[in-house]
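Structure, as structure tokens:
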Amino acid sequence: MSVFPTFGQRPAAPSALPPPAPAQASEDAPPPRAEQGQTHAASMAEVRMLCLQRMDPMAVASTPPDRLALEVERLIADIATEKRIQLNGREQRSLAGDLVHDMLGLGPLETLLQDDLIADIMVNGPHRIFIERRGKVELSPIRFRDTAHLSNICQRIAAAVGRRVDESSPMVDARLKDGSRVNIVFPPLALDGPYVSIRKFTKKPIDFAKLVEFGAMTPQVARVLEIAGRCRLNIIISGGTGSGKTTLLNALSRMIDPGERIVTVEDAAELQLQQPHVVRLETRPASLEGRGEITQRDLMRNALRMRPDRVIIGEVRASEAFDMLQAMNTGHDGSMSTVHSNTTRDALTRIENMVQMGSMGLPSRAIRTQIAGAVHMIIQAERQRDGGRRVTQVSEVCGMEGDVIIMNDIFQLEMNGVGPDGRLRGTYKVSRARPGFQSRLQYFGLERAWAAAMEEA
Ligand SMILES: Nc1ncnc2c1ncn2[C@@H]1O[C@H](COP(=O)(O)OP(=O)(O)OP(=O)(O)O)[C@@H](O)[C@H]1O
Ligand SMILES: [Mg+2]
3 MSVFPTFGQR PAAPSALPPP APAQASEDAP PPRAEQGQTH AASMAEVRML
53 CLQRMDPMAV ASTPPDRLAL EVERLIADIA TEKRIQLNGR EQRSLAGDLV
103 HDMLGLGPLE TLLQDDLIAD IMVNGPHRIF IERRGKVELS PIRFRDTAHL
153 SNICQRIAAA VGRRVDESSP MVDARLKDGS RVNIVFPPLA LDGPYVSIRK
203 FTKKPIDFAK LVEFGAMTPQ VARVLEIAGR CRLNIIISGG TGSGKTTLLN
253 ALSRMIDPGE RIVTVEDAAE LQLQQPHVVR LETRPASLEG RGEITQRDLM
303 RNALRMRPDR VIIGEVRASE AFDMLQAMNT GHDGSMSTVH SNTTRDALTR
353 IENMVQMGSM GLPSRAIRTQ IAGAVHMIIQ AERQRDGGRR VTQVSEVCGM
403 EGDVIIMNDI FQLEMNGVGP DGRLRGTYKV SRARPGFQSR LQYFGLERAW
453 AAAMEEA
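For the sequence shown, this note's numbering begins at 3 and goes up steadily by one.
Here it is as structure tokens:
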């Protein structure tokens with residue numbers, strides 16, 4: 003049986019379609035060459051269009067490529083016969099090949115996806131595609147044929163994660179085969195045609211050495227962060243959208259001992275842990291009927307029953323913050339996460355608000371005490387106006403004084419001008435205070451290393 007419900011069936015007469023092209027094999031005298039080429043091209047385009055119309059994106063996504071090519075070829079033959087368009091075997095195969103390639107790939111987006119310098123792809127309707135290259139956003143010359151072409155690609159992206167995107171469910175989060183994160187918004191919410199935002203998956207994970215090379219931090223800051231990761235501090239990475247939080251989290255995760263069991267909880271899996279013992283969990287959105295949603299909080303609670311040594315949450319956004327603090331406070335030290343906020347102090351307030359929303363009735367002071375006991379360090383990432391992504395602040399959470407959480411800025415980046423290359427310049431202000439986690443440094447034998455790194459900074 004065919005995987006396409008409409009295969010082999012005669013479609014209802016599509017009123018919007020052009021009338022069938024005159025059959026080329028008519029007894030009339032053959033038209034001049036150029037015209038013949040044109041009508042033939044028009045016929046091919048018609049077959050192509052009908053073929054696309056009759057295929058079910060869900061079925062396409064679940065059919066193996068080689069079988070799909072055969073099915074498409076059969077469909078093309080059916081359409082050609084029905085429309086009395088003459089296509090020879092080679093043409094049928096080549097059209098089927100093109101279609102399958104277009105169907106399984108992402109059409110015009112393919113070239114952008116293959117360009118490793120591009121970090122983000124932002125599609126604002128079929129004719130405006132912006133890309134981010136080296137931290138700068140620019141308009142790309144690449145376009146879709148029309149809205150239908152773009153919608154088609156969107157359906158394919160959604161179908162790959164078992165979703166459909168249409169007026170009734172106009173927002174979809176998905177992931178491409180290569181791991182890139184995608185968000186799609188359809189009309190009527192998207193006023194100028196479908197919008198697609200792609201955060202490309204970095205094939206080669208960026209480690210601390212690379213971050214130093216990119217100018218995101220000095221070698222001394224990198225060294226200090228490495229030590230923080232090794233001595234199992236509970237760390238929060240704070241920053242705005244696209245500031246490099248996930249990248250930093252990935253770099254930090256490389257400091258984890260390969261013997262540890264790590265459970266990761268994410269909304270869209272982006273973490274690239276290199277350790278052998280990693281258990282990855284991903285949330286599930288509600289179905290169209292509004293059922294079956296699994297939130298980060300659900301996963302977080304489950305994660306704690308999986309005997310983790312550390313738990314890593316891709317990004318805390320809501321009530322799972324409470325469970326994260328619990329994990330950090332109950333022997334899963336070395337747990338890490340990211341949060342959307344503008345300063346390290348702001349990150350604490352955000353976490354406090356998240357906990358408050360999830361567990362009504364807990365007094366502020368109790369929440370703060372729990373935060374102060376759980377979180378050791380907060381790292382602030384920022385995308386700055388020259389396009390550079392930098393670590394701008396590293397703060398230690400020292401404890402409580404009255405109702406206030408006390409913090410100490412271990413590093414604070416102070417900008418002092420623009421270099422000849424147009425890049426911003428800055429230096430780190432360093433705090434020489436003894437960290438509150440001194441005993442931990444001693445326990446892991448990293449006290450000297452820390453002192454040396456701070457000495458050089
Ligand atoms: N220091 C850096 N130098 C150059 N590029 C970087 C740097 N840090 C991150 N990037 C790139 O910037 C992009 C955004 O990074 P990342 O995904 O880590 O940001 P984010 O803060 O987690 O974003 P979001 O808020 O969307 O989750 C990625 O393509 C990443 O490869
Ligand atoms: Mg991120």
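Even glycine gets a Cβ: it sits at the ideal position worked out from N, Cα and C.
Check your understanding: What whole-angstrom Cβ distance do residue 393 and residue 121 have, given they're in contact under 8 Å?
Key -> With a Cβ gap of about 18 Å, residue 393 and residue 121 do not count as contacting.
Practice item. Taking 7 Å as the limit, tell me which residues put their C-beta closer than that to any heavy atom of ligand 2, in chain order. Key: 247, 248, 272, 316, 317 and 340
Check your understanding: Apart from the five residues on each side of it in sequence, which residues of its chain come closer than 6 Å, Cβ to Cβ, to residue 146?
Key -> 110, 128 and 152
Check your understanding: Can at least three beta-carbon pairs, one atom from the region 365-374 and one from the region 410-426, be found at a separation below 8 Å?
Key -> no
Check your understanding: Around the Cβ of residue 44, are there at least 16 other Cβ atoms within 10 angstroms (buried) or fewer (exposed)?
Key -> exposed
Review point. With respect to 7 Å, is the separation between the Cβ of residue 216 and the closest non-hydrogen atom of ligand 1 below this value?
Key: yes
Practice item. Report yes if the C-beta of residue 206 is less than 7 Å from at least one heavy atom of ligand 1; otherwise report no. Key: no
Exercise for review: Enumerate in chain order the residues of its own chain whose CB-to-CB distance from residue 357 is below 6 Å, with the five nearest sequence positions on each side excluded.
Suggested key: 323, 324 and 369
Check your understanding: Thinking C-beta only, is residue 330 closer than 8 Å to residue 399?
Key -> no
Check your understanding: Whole beta strand (DSSP E) runs in the region 302-349 with 3 or more residues, listed along the chain?
Key -> 312-315 and 338-342
Check your understanding: Below 8 Å between beta carbons: does that hold for residue 312 and residue 268?
Key -> no
Check your understanding: Do residue 208 and residue 178 have their CB atoms nearer than 8 Å?
Key -> no
Review point. Of the choices 437, 154 and 245, whose alpha-carbon is the least far from that of residue 58?
Key: 154
Point to revise | Among 75, 421 and 239, nearest to residue 319 - alpha-carbon criterion | key: 239
Review point. What does DSSP give as the partner residues of residue 124 in its beta bridges?
Key: 132 and 199
Check your understanding: DSSP three-state call for residue 119: helix, strand or coil?
Key -> coil
**Study point:** Inter-residue spacing [alpha-carbon to alpha-carbon] between residue 5 and residue 61
**Key:** A caution first: residue 5 carries a pLDDT of 41, below 50, which makes its placement in the model unreliable, though a value can still be read off. Straight-line Cα distance between these residues: approximately 6 Å.
Review point. For the region 44-79, which segments carrying the alpha helix (DSSP H) assignment without a break, of at least 4 residues, lie completely within its bounds, in sequence order?
Key: 59-63
Exercise for review: Report the three-state DSSP secondary structure of residue 188 (helix, strand or coil).
Suggested key: coil
Review point. Excluding the five sequence neighbours on either side, which residues of its own chain have a C-beta within less than 6 Å of the C-beta of residue 123, listed in chain order?
Key: 114, 133 and 200
**Study point:** Nonlocal neighbours in the same chain, by C-beta distance under 6 Å from residue 421, ignoring five residues either side
**Key:** 427
Exercise for review: Kindly indicate the opening and closing residues of the alpha helix (DSSP H) around residue 176.
Suggested key: Taken as a continuous stretch (DSSP letters only), residue 176 belongs to no alpha helix (DSSP H), being part of the beta strand (DSSP E) at 173-177.
Review point. Relative to the C-alpha of residue 181, which residue among 116, 455, 375 and 334 is closest?
Key: 116
Review point. Taking just the CA atoms, how far does residue 169 sit from residue 327?
Key: 39 Å
**Study point:** Beta-carbon contacts of residue 344 that lie in its chain and below 7 Å, excluding the five residues immediately before and after
**Key:** 242
Practice item. Would you check if the region 62-78 and the region 93-109 touch, i.e. whether three or more CB-CB distances between them fall below 8 Å? Key: yes
Point to revise | C-alpha distance - residue 236 paired with residue 164, whole-angstrom precision | key: 36 Å
Exercise for review: Measure the CB-CB distance between residue 255 and residue 273 and report whether it falls below 8 Å.
Suggested key: yes
**Study point:** ligand 1 heavy atom lying under 7 Å from the CB of residue 213
**Key:** yes
Point to revise | Neighbourhood of residue 75 by C-beta distance below 7 Å, restricted to the same chain and skipping five residues each side | key: 94, 95 and 98
Review point. What three-state label does DSSP hand residue 27 in the structure shown?
Key: Here residue 27 scores only 36 on pLDDT, less than 50, and its place in the model is too uncertain to base an answer on.
Review point. What is the residue span of the beta strand (DSSP E) that residue 241 lies within?
Key: 237-241
Exercise for review: State the start and end residues of the unbroken alpha helix (DSSP H) segment that holds residue 214.
Suggested key: 210-215
Check your understanding: With which residues is residue 265 paired in a DSSP beta bridge?
Key -> 281 and 313
Check your understanding: Between residue 448 and residue 229, which are expected to be in contact by the criterion C-beta below 8 Å, what is the C-beta distance as a whole number of angstroms?
Key -> 5 Å
Review point. Would you call residue 195 buried or exposed, if buried means 16 or more other Cβ atoms sit within 10 Å of its Cβ?
Key: buried
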